[in-house]
Amino acid sequence: MNALAEWLEKRGGAAAKRELQRRIEEKTGRPIRWATIHDIARGAVVPTPDTAKRIEAATDGEVTAAQLLGISGDESSTPAGADQPRGEVNTVEPAA
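In terms of full-length UniProt numbering, the sequence shown has 2 at position 2, counting the first letter as 1, and numbering is strictly consecutive.
Structure follows, in structure tokens:
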């Protein structure tokens with residue numbers, strides 16, 4: 001589980017994603033899709049550095065950009081989707 005997923009879980013899961021979405025827009029002046037937050041939290045995508053910084057601002061530094069990008073030196077911060085596409089994309093794997 002990555003740092004964002006842990007942060008969201010402590011705050012109530014899906015409702016916390018909506019709150020984080022609101023806080024990101026409030027603190028940075030730019031919206032973020034709910035699906036993007038979901039994909040980053042589940043490790044399906046690694047955020048862009050800009051998105052990681054926006055999440056860090058919205059969480060008041062409780063989740064750092066370095067953790068989200070896997071560059072903090074803390075092995076628990078390596079994103080589960082480190083080998084996945086970067087950015088605000090909604091990747092869906094076709095059912096086999």
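Yeah, the Cβ is synthetic: ideal placement off N, Cα and C, and Gly gets one too.
C-beta atoms of K17 and W34 nearer than 8 Å: Position 17 of the sequence shown holds residue 17. Position 34 of the sequence shown holds residue 34. In this structure, W34 lies closer than 8 Å to K17 by Cβ.
Cβ-Cβ separation, L4 to I40 (assumed contact under 8 Å), whole Å: Counting from one through the sequence shown, the residue named residue 40 turns up at place 40. Counting from one through the sequence shown, the residue named residue 4 turns up at place 4. Confirmed, about 6 Å.
Own chain residues within Cβ distance below 8 Å of A57, not counting five before or after: On the sequence shown, residue 57 is found 57 positions in, with the first residue counted as 1. Counting only Cβ-Cβ distances below 8 Å, and skipping sequence neighbours, we find I24, K27, T28.
Selection from D60, T59, T48 that minimises the alpha carbon distance to G70: The residue labelled residue 70 in the question sits at position 70 within the sequence shown. The shortest Cα separation from G70 among D60, T59, T48 belongs to T48.
Nearest residue (CA-CA) to G13, options H38, R30, R22: Mapped onto the sequence shown, residue 13 falls at position 13. Among H38, R30, R22, the Cα nearest to that of G13 belongs to H38.
R33, enclosing alpha helix (DSSP H) - first and last residue: Taking the sequence shown and counting its residues from 1, the one referred to as residue 33 is at position 33. Segment: none, R33 is in no alpha helix (DSSP H) and carries neither H nor E.
C-alpha distance - A66 paired with A44, whole-angstrom precision: Here residue 66 refers to the residue found at position 66 when the sequence shown is read from its first residue. Here residue 44 refers to the residue found at position 44 when the sequence shown is read from its first residue. Taking the straight line joining both Cα atoms gives about 17 Å.
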